[in-house]
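Remarks on the structure that follows.
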Amino acid sequence: MGATVVDVADTVLTWGTVEQSAAPPEPAPVPLWWRALAVPVVLATAAVWAAGRRRNRFSRLVRLACSGRDLPPATVVQARYAVRAVRWAAQLLPMRWACLEDSTAAALVLTVVRRRAEWRHGVALDPVRLHAWIAGPDGAPVEEPADTALYTPTYTPDGPGSARATRKVRP
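Here the sequence shown stands for residues 473 to 643, where the numbers follow this note's numbering.
Here it is in structure tokens:
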């Protein structure tokens, strides 16, 4: 049985984690109209997050992230711009904004432009941690650090589009 090895350049390995800089990274360039589109989407995602019972929050966000599941797949560039635009717009919010909200809003941005990316939720061990992200058309995580490869997808509610369409399955 082999182990997954991820080469993370320029870091010192610690007890199962990767060191992160305390300073936020410089934002990547995003076209203006993607940023303008991301602002209302981020606000809508925050409203869905805040509305309703706390124990149902995860399922509400997953349903929102999968709302565009019947649309054609986004290109890698479209998915990258959606993630970057959401991260830019989320800086304006005075609330906790982590990977679950980030990936949900990015999937919703793509839905607004009539495209989709597959939403993923996974777990990594030693130490146990959870993460959510969107995957591009090739299945690779979009705009995520290299250590995302350590996460095993455990919840993929929308599944691959072509396989789901062939089976005529709706999650």
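Note that the Cβ used here is the ideal one computed from N, Cα and C, for glycine as well.
Quick caveat, the model's predicted, so the values are computed rather than measured.
With a 10 Å radius around the Cβ and a threshold of 16 neighbouring Cβ atoms, E498 comes out exposed. DSSP places E573 in the helix class (H, G or I) of the three-state scheme.
In the displayed model, A495 falls within coil according to three-state DSSP, outside both helix and strand. DSSP links V595 through a beta bridge to L602, T624. For R507 against W560, the beta-carbon gap comes to about 5 Å, under 8 Å, which counts as contact. Here the alpha carbon of R532 sits roughly 32 Å from the alpha carbon of A495.
The Cβ neighbour count for V549, taken over all protein chains shown within 10 Å, is under 16; the residue is labelled exposed. Going by beta carbons, L543 and T583 fall inside the 9 Å limit. For the options P625, P609, A518, the alpha carbon positioned closest to that of R541 is the one of P609. If you draw a straight line from the Cα of N528 to the Cα of P512, it comes to about 23 Å. Judged by DSSP in its simplified three-state form, A518 adopts helix. Cβ-Cβ distances below 8 Å link T624 to G594, V595, A596 in the same chain, with the five nearest sequence neighbours on each side left out; the list follows chain order. The beta carbon of L509 sits closer than 8 Å to those of A557, V581, V584, V585, all from its chain and outside the five residues before and after it, given in chain order.
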